[in-house]
Amino acid sequence: MREEIVQFGEENRLTGILTHSQESKADKPLVIILNAGIVHHVGPNRLHVKMARHLAKVHFDVLRFDLSGLGESMPAAPGKGYEEQSIVDIREALDMMWVRFGERRIILAGICSGADNAYRTALEDVRVSGLILLDPYAYQNTTAQISDLAKRAQDPERWKRLAGRLLSGTDAEDGDEDIMEDDNDRIPPEREIFGQQLQTLTDRRVRMLLLYTSSVRHLINAKNQFHQTFKEFDFSDQLEVDVLAHVDHTYTELSSQNELMTRLDTWLAERT
Amino acid sequence: MKPFHFGPSAAPLYGVYHPAHQQGGRAPAVLLCNPFGVEAIRAFRIYRILAEKLAAAGSPVLRFDYIGTGNSAGDDAAFSVTRAVEDILLAHQELLDTSGASRVAWLGLRFGAGLALLASQQKPRGLGGLCLWDPVTEGQAYLTEMYEAHLCELSRVFDESEKSILAKRQQTDLLGETMGFAVGTDLQSDIGDLKPDAIINRPARRIAIIAGESHADLSDRLEGVGAKVTTHQDEKSQSWNSDAALNAFSVPRKTLDLLVETLGGLR
Chain A
1 MREEIVQFGE ENRLTGILTH SQESKADKPL VIILNAGIVH HVGPNRLHVK
51 MARHLAKVHF DVLRFDLSGL GESMPAAPGK GYEEQSIVDI REALDMMWVR
101 FGERRIILAG ICSGADNAYR TALEDVRVSG LILLDPYAYQ NTTAQISDLA
151 KRAQDPERWK RLAGRLLSGT DAEDGDEDIM EDDNDRIPPE REIFGQQLQT
201 LTDRRVRMLL LYTSSVRHLI NAKNQFHQTF KEFDFSDQLE VDVLAHVDHT
251 YTELSSQNEL MTRLDTWLAE RT
Chain B
1 MKPFHFGPSA APLYGVYHPA HQQGGRAPAV LLCNPFGVEA IRAFRIYRIL
51 AEKLAAAGSP VLRFDYIGTG NSAGDDAAFS VTRAVEDILL AHQELLDTSG
101 ASRVAWLGLR FGAGLALLAS QQKPRGLGGL CLWDPVTEGQ AYLTEMYEAH
151 LCELSRVFDE SEKSILAKRQ QTDLLGETMG FAVGTDLQSD IGDLKPDAII
201 NRPARRIAII AGESHADLSD RLEGVGAKVT THQDEKSQSW NSDAALNAFS
251 VPRKTLDLLV ETLGGLR
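Read top to bottom, the protein sequences are chains A and B. Residue 166 in my numbering sits at position 166 of the first sequence; the count goes up by one each step and never skips. Residue 176 in my numbering sits at position 176 of the second sequence; the count goes up by one each step and never skips.
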């Protein structure tokens, strides 16, 4: 395993780390890991480093890089919005990877906004043949709502914490993370639109792994809910979904990080 | 700004060099020593902005990741106090060689300050001064703080009481990690040994402490070994240190300005 610092894109403004596998294989897809929110390319809890090095051991060449203006990358010229610029940046990463490794299949991976950017790019670029989406957009159905409310109501400590917070006058501006999480400004597309987009990708034979964690438990807390939510669509076996109820959004616990690596190993072995 | 690898090819360190915007000034070169764990992730952007400010003020700057952290070689378990001290000394020499400077000032943030103090005991050639930003120099208290922060974080993300979190996990597992990073028993032991009494030699002639809280014991110890210590009280000095601040792009600009001014004087 060898790591190389790469700078690419218009005016070489984008910086990333290319983790070369011990033995690069032309039949293996290339993997690109995208920023989670504004955390730089090391990833939350160093997760992107751990993922890249883990995948390199099983013959995947992996790039993790910073979008324009994040981490070590320079800002782009003004004029494009965040989503549009992110797609431009990611497609420049695809260009660089094809120049370096040849025209191989490409898997995009990301947590949260990284997942959003991954699937949006896949819709626009047919070079993307696989998606690893960690906490992508989720949509509440009645079952999830009832289960979550019941669980919350049964936890007296939760009400104590809420009461304490209200009494102390803490608000989001003071940095209260619970409130900021609830006020998450990630705006999903309409459920039907997201379903149609996943259908488009499915029809294009893009393989997808969607893993939801406890952070979206108020929206989805069992894997069959996903299929109920999108029951009018047929994603066949192109799309695999699971709910990791014991795992948090950024895979904080080491056991959850190890579980993620195992899940990736299994999916990549079976689906790529 | 130039990212690069340095050190042994079998286990390279990742660094980013920021050349001074103007050559020939009196500002010292500056080495930025990272904090540990989640704090290093939160401090990344602050350090990049600080490095750019220092470079604009005439200082060549090197920021880098210790072995077992960030982009440097090694998994979490490769991080150790002994190795991190070696890494600081290696980075110090790299900065001297790359910049051509004769003096380097070190900035250590949180546990990075404790590591910088330990590294200074090796008396590296060209160390001009030390700036300690909210230094961690009481290892046992720091271990307790990390444990409590980890427990609190699990309680928050799973929306469960700490009692419930504790009931579902082994105590040894909880002690063996903090906020996404492994803290093995050897590392716990090494961190626990950190205390102001470990400073035997004068780390540098001039030392600045920038902190939100008093560090009287540390200051007394440093003066006791012959250093000239100046202390700057800054209530906002830890405002960067939360995920909320990270996600809100919060930058403690006044603290950074104070650091640039202070480091510029450590020549």
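Think of the CB as a built atom: it goes at the ideal place given N, C-alpha and C, for glycine as much as any other residue. In this text the structure is predicted, and so the values were computed from the model without any measurement.
Query, Result
"Where D87(B) falls, given that 16 or more other Cβ within 10 Å makes a residue buried", "buried"
"Three or more C-beta pairs below 8 angstroms linking the segment 90-102 of chain B and the segment 126-139 of chain B", "yes"
"Residues of the segment 108-129 of chain B whose Cβ lies closer than 8 angstroms to any Cβ of chain A, in chain order", "none"
"Which of helix, strand or coil DSSP assigns to L266(B)", "coil"
"Sufficient close CB pairs (3 or more, under 8 angstroms) joining the segment 197-214 of chain B to the segment 48-55 of chain B", "no"
"Where T266(A) falls, given that 16 or more other Cβ within 10 Å makes a residue buried", "exposed"
"Buried/exposed call for L167(A), threshold 16 Cβ in 10 Å", "Note that L167(A) has pLDDT 35, beneath the 50 cutoff, so the model's placement of it is unreliable and no number is given."
"Local Cβ density within 10 Å of V99(A), reported as buried at 16 or more and exposed below that", "exposed"
"Residues bridged to W98(A) (per DSSP)", "Note: W98(A) sits in no beta bridge, so no partner."
"Unbroken stretches of the beta strand (DSSP E), 3 residues or longer, contained in the segment 102-180 of chain B", "104-109, 127-133"
"Near the ligand NAD: E190(A) beta-carbon under 7 angstroms from a heavy atom", "Because no ligand of any kind appears in the structure shown, any question about the ligand NAD cannot be addressed here."
"Proximal residues to K236(B) (C-beta, below 7 angstroms), its chain only, five neighbours per side dropped", "P252, K254, T255"
"Listed by chain order, chain A residues near F249(B) by CB distance under 8 angstroms", "I38"
"DSSP bridge partner residues for D242(A) (one or two, in chain order)", "L211(A)"
"Buried or exposed (CB count within 10 angstroms, at least 16 for buried), C33(B)", "buried"
"Where E3(A) falls: helix, strand or coil (DSSP)", "strand"
"Cβ pair I106(A), L14(A) closer than 8 angstroms", "no"
"8 angstroms Cβ cutoff, E253(A) in contact with chain B", "yes"
"Three-way DSSP call (helix, strand, coil) for A109(A) in this model", "strand"
"Segment contact flag, the segment 42-60 of chain A with the segment 121-128 of chain A, C-beta cutoff 8 angstroms, min 3 pairs", "no"
"Residue-chain proximity (N34(B), chain A), Cβ-Cβ < 8 angstroms", "no"
"Distance, T229(A) Cα to F64(B) Cα", "46 angstroms"
"Proximity winner among R267(B), L266(B), S250(B), relative to A281(B) (alpha-carbon distances)", "The requested residue 281(B) is not part of the displayed model; chain B covers only 1 to 267."
"Alpha-carbon spacing of N184(A) relative to M179(B), whole angstroms", "Annotation note: pLDDT 45 at N184(A) (below 50); position unreliable, coordinate value reported separately. Distance between the alpha carbons of N184(A) and M179(B): 21 angstroms."
"C-beta atoms of L211(A) and R263(A) nearer than 8 angstroms", "yes"
"Selection of the segment 164-190 of chain B by Cβ proximity to chain A, strictly under 8 angstroms", "S164, D173, G176, E177, M179, G180, F181, A182"
"Neighbourhood of R221(B) by C-beta, 6 angstroms cutoff - its chain only, sequence neighbours within 5 removed", "P196, I199"
"Segment contact flag, the segment 200-217 of chain A with the segment 71-86 of chain A, C-beta cutoff 8 angstroms, min 3 pairs", "no"
"Nonlocal neighbours in the same chain, by C-beta distance under 6 angstroms from Q7(A), ignoring five residues either side", "T15"
"Which of helix, strand or coil DSSP assigns to H54(A)", "helix"
"Rounded C-alpha distance that separates H92(B) from R83(B)", "14 angstroms"
"Limits of the beta strand (DSSP E) - the one that K268(B) falls within", "The question about residue 268(B) has no answer here: the residues shown for chain B are numbered 1 through 267."
"DSSP three-state assignment for S72(B), whether helix, strand or coil", "coil"
"Residue burial classification, I193(A) (beta-carbon count within 10 angstroms, cutoff 16)", "exposed"
"Reduced DSSP secondary structure (H/G/I, E/B, other) of F4(B)", "strand"
"Closest Cα partner of A52(A) within the set Y82(A), S255(A), E3(A), L239(A)", "E3(A)"
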